[in-house]
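Using numbering that gives the first Met the number 0, read the sequence shown as starting at 0 and increasing by one per residue.
Step one of this worksheet: look at the structure below.
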Amino acid sequence: MQRINFDEEIRLHNLWRRQFMNAFAAGSYADMPLSGHRSCMLSLALKKATGPCTQQPLFKLLAVEHDRFHALCNEILDLSENGMASEADRLLLELTDASHRLVGLLDEMRTCQRENSAG
0 MQRINFDEEI RLHNLWRRQF MNAFAAGSYA DMPLSGHRSC MLSLALKKAT GPCTQQPLFK
60 LLAVEHDRFH ALCNEILDLS ENGMASEADR LLLELTDASH RLVGLLDEMR TCQRENSAG
């Protein structure tokens with residue numbers, strides 16, 4: 000079974016989110032770590048993962064939500080790079096919601112992986 004280190008994925012995601020929020024609060028789009036999301040390794044890990052949990056609808060939902068999160072990041076980055084900070088700001092709540100959904104799904108998959116490796 001190709002395992003995913005969900006603890007590390009959650010840690011990295013939360014670290015990125017905190018950096019984003021700090022830069023956002025300071026009003027400095029230039030300092031936002033938005034481009035860092037483009038080197039995210041979770042997509043690769045999801046593609047390589049094997050085992051019973053990968054057959055669960057939850058796993059497929061995780062992949063969809065992960066892609067959706069990155070699409071939103073790209074949209075915010077594009078808006079901010081094109082001088083449309085107000086429009087980018089309006090997407091912050093949606094990004095926060097997407098982040099929480101993603102972490103929740105990562106946590107559920109971590110539980111699935113642990114339960115299946117214990118048995």
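The C-beta atom is built at its ideal place from N, Cα and C for all residues, glycine as well.
A quick note: this is a predicted structure, and the numbers were derived from the prediction, not measured.
Residues near residue i in its chain [Cβ-Cβ closer than 7 Å; skip 5 each side]
| i | result |
| --- | --- |
| residue 90 | 71, 74, 75 |
Rounded C-alpha distance that separates residue i from residue j
| i | j | result |
| --- | --- | --- |
| residue 96 | residue 60 | 15 Å |
| residue 4 | residue 48 | 11 Å |
| residue 64 | residue 12 | 13 Å |
| residue 107 | residue 20 | 25 Å |
| residue 51 | residue 62 | 16 Å |
| residue 39 | residue 103 | 18 Å |
| residue 18 | residue 92 | 16 Å |
| residue 54 | residue 46 | 12 Å |
| residue 56 | residue 22 | 35 Å |
| residue 83 | residue 14 | 25 Å |
| residue 94 | residue 85 | 15 Å |
Collapsed DSSP secondary structure at residue i in the structure displayed
| i | result |
| --- | --- |
| residue 115 | helix |
| residue 48 | coil |
| residue 2 | coil |
| residue 108 | helix |
| residue 40 | coil |
| residue 91 | helix |
Contacts around residue i, its chain only, beta-carbon distance under 6 Å, and the 5 residues preceding and following it disregarded
| i | result |
| --- | --- |
| residue 87 | 75, 78, 79 |
Proximal residues to residue i (C-beta, below 8 Å), its chain only, five neighbours per side dropped
| i | result |
| --- | --- |
| residue 8 | 41, 44, 105 |
| residue 2 | 48, 50, 112, 116 |
Nearest-angstrom Cβ-Cβ length linking residue i and residue j, presumed shorter than 8 Å
| i | j | result |
| --- | --- | --- |
| residue 6 | residue 109 | 7 Å |
| residue 98 | residue 10 | Not confirmed; about 13 Å, so no contact. |
| residue 68 | residue 101 | 5 Å |
Span of the alpha helix (DSSP H), counted from its first residue to its last, around residue i
| i | result |
| --- | --- |
| residue 72 | 56 to 80 |
Any chain C beta carbon closer than 8 Å to residue i
| i | result |
| --- | --- |
| residue 2 | Absent here is chain C; the protein component of the structure consists of one chain. |
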